[in-house]
Amino acid sequence: MRRGECAGWVLVTGAASGIGRATALAFARAGANLVLVDIDDRALQKACDEVLALGRDCATRVVNVADAKAMADLARWVRSEIRIPALDVLVNNAGIGYLGSFMDTPVEAWERVLQVNLMGVVNGCRAFLPDMVGAGGERRIVNVASLAGLVAAPNMSAYAAVKHAVVGLGESLCLELKLKGAQVGVTTVCPGIINTQITKARASVAASIGDAQYERLTAYYAKQGGRPDVVADAIVRGVRQRRELVLVGPFAAPLYYLRRCSRRLAQRLMLQDARRVGFV
Numbered sequence: 000m001r002r003g004e005c006a007g008w009v010l011v012t013g014a015a016s017g018i019g020r021a022t023a024l025a026f027a028r029a030g031a032n033l034v035l036v037d038i039d040d041r042a043l044q045k046a047c048d049e050v051l052a053l054g055r056d057c058a059t060r061v062v063n064v065a066d067a068k069a070m071a072d073l074a075r076w077v078r079s080e081i082r083i084p085a086l087d088v089l090v091n092n093a094g095i096g097y098l099g100s101f102m103d104t105p106v107e108a109w110e111r112v113l114q115v116n117l118m119g120v121v122n123g124c125r126a127f128l129p130d131m132v133g134a135g136g137e138r139r140i141v142n143v144a145s146l147a148g149l150v151a152a153p154n155m156s157a158y159a160a161v162k163h164a165v166v167g168l169g170e171s172l173c174l175e176l177k178l179k180g181a182q183v184g185v186t187t188v189c190p191g192i193i194n195t196q197i198t199k200a201r202a203s204v205a206a207s208i209g210d211a212q213y214e215r216l217t218a219y220y221a222k223q224g225g226r227p228d229v230v231a232d233a234i235v236r237g238v239r240q241r242r243e244l245v246l247v248g249p250f251a252a253p254l255y256y257l258r259r260c261s262r263r264l265a266q267r268l269m270l271q272d273a274r275r276v277g278f279v
């Protein structure tokens with residue numbers, strides 16, 4: 000995959016909806032063939048049909064990214080059934096949210112966010128990276144983190160902690176691959192506020208957040224949030240340009256650079272925003 004190209008085979012996790020679905024379609028429009036992975040079989044097939052309608056090849060697989068064995072099996076399936084030596088691009092996108100104060104976030108929620116949002120990325124990299132390195136040529140891993148992985152917000156301790164870990168993982172892995180002289184690059188994507196289904200999952204909100212507060216939050220995301228396709232287009236550009244950090248969506252770049260200049264001012268803005276949506 001030469002600079003500026005997005006052909007070949009791209010695998011996207013969490014591809015049935017939101018940023019994952021939009022990313023799959025963006026790569027298809029850019030000339031890539033797709034392997035789509037999700038736990039929602041019906042929505043996954045709909046996304047596949049959309050890719051096929053764009054004239055690209057597409058395969059689907061129902062896999063829980065938190066399951067290391069299932070991800071290893073997926074890699075073997077890709078080699079044997081699709082008959083490619085290695086992916087050109089791996090997009091570790093699957094993720095879940097959790098909203099609630101630290102004391103209102105149960106251990107079970109921490110474990111679930113950790114398993115999906117961090118270990119899902121780890122499992123994806125461990126399953127596909129060896130073949131990507133061994134096959135040679137320019138290839139890329141894309142890890143979808145979050146602005147919360149760079150600038151934390153209140154009432155998002157589990158989500159922010161894990162997304163910070165995804166950012167750190169990407170930076171460390173990127174350096175290791177450069178140290179070994181591998182041609183596989185790593186792109187970490189940190190979207191700002193994006194209006195997707197992840198923000199509407201009531202099960203991912205602490206019980207202490209009442210219905211009125213929840214409705215206020217979803218309205219805020221609907222008004223302020225960017226579209227998933229904006230993130231998807233930024234991911235494709237990031238791959239084409241070999242970028243290691245992609246900041247996209249409302250507030251992402253301004254808050255990132257503001258925090259680098261003044262941590263105190265960035266915290267003040269985050270607190271103001273939290274109070275605006277009803278947190279105290």
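The sequence shown begins at 0 in numbering that gives the first Met the number 0 and counts up one residue at a time.
Idealized CB from N, CA, C, for every residue including glycine.
1) Among residues of its own chain, excluding the 5 on either side of A74, which ones have a beta-carbon nearer than 8 Å to its beta-carbon?
2) Is the CB-CB distance between G17 and P253 below 9 Å?
3) Contact defined as beta carbons within less than 8 Å: I believe V150 pairs with R258. What is the distance between those atoms, to the nearest angstrom?
4) Using a 10 Å radius around the Cβ and a threshold of 16 neighbouring Cβ atoms, would you call P190 buried or exposed?
5) Helix, strand or coil, according to DSSP, for T12 in the structure here?
6) Hey, could you find the ends of the alpha helix (DSSP H) G280 is sitting in?
7) Check whether the segment 12-28 and the segment 147-167 touch, using three or more Cβ-Cβ pairs below 8 Å as the test.
8) From the DSSP output, read off the bridge partner residues of V36.
9) Indicate whether the contact test is met: 3 or more Cβ pairs, each with one atom in the segment 106-113 and one in the segment 47-63, closer than 8 Å.
10) Mapping DSSP to helix, strand and coil, what is I18?
11) Locate the beta strand (DSSP E) running through L89, then write down its first and last residues.
12) So N142 is in the beta strand (DSSP E); what residue range does that whole segment cover?
13) Just how far apart, CA to CA, sit A211 and A265?
14) Measuring alpha carbon to alpha carbon, tell me which of V235, L268, S203 and P249 ends up nearest V11.
15) How big is the Cα-Cα spacing for R138 and D232?
16) State yes or no: is the C-beta of A46 within less than 9 Å of the C-beta of A23?
17) Given this structure, state the Cα-to-Cα distance separating L33 from A221, to the nearest angstrom.
18) Can you find the residues in the same chain that come closer than 7 Å, C-beta to C-beta, to M70, ignoring five residues on each side of it along the sequence?
19) Is V235 helix, strand or coil when you go by DSSP?
20) Should V106 go down as buried or exposed, given a rule of 16 or more other Cβ atoms within 10 Å for buried?
21) Taking the C-alpha atoms as reference points, what is the distance between I192 and T186?
22) Looking at the structure shown, is L113 part of a helix, part of a strand, or coil, going by DSSP?
23) Quick one: grab the DSSP three-state call for V132.
Well, looking at it:
1) Walking along the sequence shown from the start, residue 74 turns up at place 75. Taking C-beta separations shorter than 8 Å and ignoring five residues to either side along the sequence, the partners of A74 in its chain run A126, F127 and D130, following chain order.
2) By one-based count along the sequence shown, residue 17 stands at place 18. By one-based count along the sequence shown, residue 253 stands at place 254. By the CB criterion at 9 Å, G17 and P253 fall outside the cutoff.
3) The sequence position of residue 150 within the sequence shown is 151, counting from 1. The sequence position of residue 258 within the sequence shown is 259, counting from 1. Distance from V150 to R258 at the Cβ level is roughly 5 Å; contact confirmed, criterion being Cβ atoms closer than 8 Å.
4) Translated into the one-based positions of the sequence shown, residue 190 becomes position 191. Answer is buried; the Cβ neighbour count reaches 16.
5) Stepping through the sequence shown from its first residue, residue 12 is reached at position 13. In this structure, T12 counts as strand in the three-state DSSP scheme.
6) Look at the range of the chain in this structure, 0 to 279, and you will see that residue 280 is not part of it.
7) Fewer than three pairs of CB atoms, one per stretch, sit closer than 8 Å, so the segment 12-28 makes no contact with the segment 147-167.
8) In the sequence shown, residue 36 corresponds to position 37, counting from 1. Partner(s): T12 and R60.
9) Cβ pair count under 8 Å is below three, so no.
10) On the sequence shown, residue 18 is found 19 positions in, with the first residue counted as 1. The three-state secondary structure of I18, taken from DSSP, is helix.
11) Residue mapping note: residue 89 aligns to position 90 of the sequence shown, counting from 1. From DSSP, the beta strand (DSSP E) with L89 extends over V88 to N91.
12) Within the sequence shown, the letter at position 143 stands for residue 142. N142: member of the beta strand (DSSP E) spanning R138 to V143, first to last residue.
13) On the sequence shown, residue 211 is found 212 positions in, with the first residue counted as 1. On the sequence shown, residue 265 is found 266 positions in, with the first residue counted as 1. Each residue's Cα considered, the two are about 27 Å apart.
14) For this step, residue 11 is matched to residue 12 along the sequence shown. Nearest of V235, L268, S203 and P249 to V11, Cα basis: V235.
15) As a working note, residue 138 is residue 139 in the sequence shown. As a working note, residue 232 is residue 233 in the sequence shown. R138 and D232 have their alpha carbons spaced roughly 18 Å apart.
16) Position 47 of the sequence shown, counting from 1, holds the residue named residue 46. Position 24 of the sequence shown, counting from 1, holds the residue named residue 23. At a Cβ-Cβ threshold of 9 Å, A46 and A23 count as neighbours.
17) Along the sequence shown, read from residue 1 onward, the residue named residue 33 stands at position 34. Along the sequence shown, read from residue 1 onward, the residue named residue 221 stands at position 222. Near 29 Å, if we compare the C-alpha coordinates of A221 and L33.
18) As a working note, residue 70 is residue 71 in the sequence shown. Result list for M70: V62, V64, N122, G123 and A126, in chain order.
19) Stepping through the sequence shown from its first residue, residue 235 is reached at position 236. Three-state DSSP puts V235 in a helix.
20) Counting from 1 along the sequence shown, the entry for residue 106 is found at position 107. Result: exposed.
21) Position 193 of the sequence shown, counting from 1, holds the residue named residue 192. Position 187 of the sequence shown, counting from 1, holds the residue named residue 186. When rounded, the distance between both Cα atoms is 19 Å.
22) Here residue 113 refers to the residue found at position 114 of the sequence shown. L113: helix per DSSP, three-state reduction.
23) Here the question's residue 132 lines up with position 133 in the sequence shown. V132: helix per DSSP, three-state reduction.
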